[in-house]
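Take a look at the structure below.
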Amino acid sequence: MKLEIQVLDSPLARPFTISRGTITSQRTVIVRLELLGVVGYGEVNESDYYGHKVESIVASLKSVNREVESCSLASGDQLWKELNETLAGDLFALSALDMAAHDLFSKSAGQCCWETLGLSWGSPPPSSWTLSVGTPSQVVREFQLNPGWGIYKVKLGTSQDLEVIAALRGHTDALIRVDANCAWSSRETVEKSEALSQLGVEFIEQPLPANAPPSEHKWVREESALPIIADESCCVPADIERCAELFHGVNIKLCKCGGLTPAVQMLQEARSLGLRTMVGCMVESSIGISAATQLLPLLDYCDLDGALLLASDPAVGVTVEQGVVSRPRRAGCGGVLRDETCFTM
11 MKLEIQVLDS
21 PLARPFTISR
31 GTITSQRTVI
41 VRLELLGVVG
51 YGEVNESDYY
61 GHKVESIVAS
71 LKSVNREVES
81 CSLASGDQLW
91 KELNETLAGD
101 LFALSALDMA
111 AHDLFSKSAG
121 QCCWETLGLS
131 WGSPPPSSWT
141 LSVGTPSQVV
151 REFQLNPGWG
161 IYKVKLGTSQ
171 DLEVIAALRG
181 HTDALIRVDA
191 NCAWSSRETV
201 EKSEALSQLG
211 VEFIEQPLPA
221 NAPPSEHKWV
231 REESALPIIA
241 DESCCVPADI
251 ERCAELFHGV
261 NIKLCKCGGL
271 TPAVQMLQEA
281 RSLGLRTMVG
291 CMVESSIGIS
301 AATQLLPLLD
311 YCDLDGALLL
321 ASDPAVGVTV
331 EQGVVSRPRR
341 AGCGGVLRDE
351 TCFTM
């Protein structure tokens, strides 16, 4: 199996801000696997928070080229199983490879990836549109640029959090979810949950830092007026059982856990433990979004607007239009890069 790599630096349509900072472009690693004339694509972004730069991801990918070349890919998860231990320190690189492997295997089978994963499509949840951190007037203005969605996820983490939601509620009856990205204290979370509940907010995502004492997470879970969804606190399969005691639900991202293979395992375990399930995304192209979409049959919520935040999507694939995620019908994961001229090894 042939491995090729491409690094992209994609400008955003507008600056995107969360409690940890602002980005205006996104550096991304695209993986291309080819076996017997069939091609599979994977994608992963760099992340300062999780400590993965493009350079380190590329180095990890190159370090396993020999193992990739010798893989016969008898199943979608074979490459992940063979590289899980080797790439345990770089789950971002593993995620891109696993995504591409599932894409390639499903294409070879002539099926959508969700089918080769053994899932049934059903009625998947709609996606939210993300509004970044800002003043009340800034958030309302950003909302007005993107009207018509049934669900908005609002990034919070300032002294004006409640004013932001109140101002937004004055302009829409849409469902609102909030994400503090680890910016609140436990007491602040409980206090704000009361007011946010009155404003019709559905849930709070990751209010406390991931390294906050378990006792604080548990107290917030018990005292909050709204459900609490883990994001930064839920990265790998081993986190699910612990999260069942500290949160009401979990947000899985492919890059955090190492790809589609562990994501399916995590979501199935979470559902068995009574947790609400969600899949989110980074700011990424339609390659990554299309792969994450394959997990919709396992979800209560989804946040898959990442490609829409780019000034120009370098790929085509699954579409997300005002929250409606198109059903993947193309064999594989559905994402295809527009320009393949820049792949290297």
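Each residue of the sequence shown is one higher than the one before, counting from 11 in our numbering. All C-beta atoms in this analysis are idealised placements derived from N, C-alpha and C, irrespective of residue type, glycine included.
Query                                                                                                                                                                                     : Result
Could you name the residues of the same chain whose beta carbon sits closer than 8 Å to that of proline 307, not counting the 5 residues immediately before and after it, in chain order? : Trp124, Leu129, Ser130, Trp131, Gly132 and Pro134
DSSP has valine 17 in a bridge; who is on the other side?                                                                                                                                 : Val39
Can you tell me whether arginine 337 is buried or exposed? The criterion is at least 16 other CB atoms within 10 Å of its CB, across all chains shown.                                    : exposed
Using a Cβ distance threshold of 8 Å, determine whether the region 83-93 contacts the region 26-41, with at least three qualifying pairs required.                                        : no
CB proline 146 to CB alanine 177, shorter than 9 Å?                                                                                                                                       : yes
DSSP state of aspartate 189, grouped into three classes?                                                                                                                                  : strand
Assign serine 196 to one of two classes, buried (16 or more other C-beta atoms within 10 Å of its C-beta) or exposed (fewer than that).                                                   : buried
Ends of the alpha helix (DSSP H) at glycine 213?                                                                                                                                          : Rather than glycine, the amino acid found at residue 213 in this sequence is phenylalanine. Unbroken run through phenylalanine 213 is the beta strand (DSSP E), 211-215; no alpha helix (DSSP H).
Per DSSP, which one or two residues make a beta bridge with glycine 52?                                                                                                                   : Val41
What separation, rounded to the nearest whole angstrom, lies between the Cα atoms of arginine 76 and methionine 11?                                                                       : 9 Å
Would you please state the rounded distance, in angstroms, between the beta carbons of histidine 271 and aspartate 100? I believe it to be under 8 Å.                                     : First, the residue type needs correcting, since residue 271 is threonine and not histidine in the sequence shown. That pair is no contact at about 15 Å.
Taking 8 Å as the limit between beta carbons, can you name the residues of its chain near glutamate 251, skipping five residues before and five after?                                    : Glu279 and Leu283
In three-state terms, what does DSSP make of arginine 337?                                                                                                                                : coil
With DSSP as the reference, identify every bridge partner of valine 346, one or two as the case may be.                                                                                   : Val326
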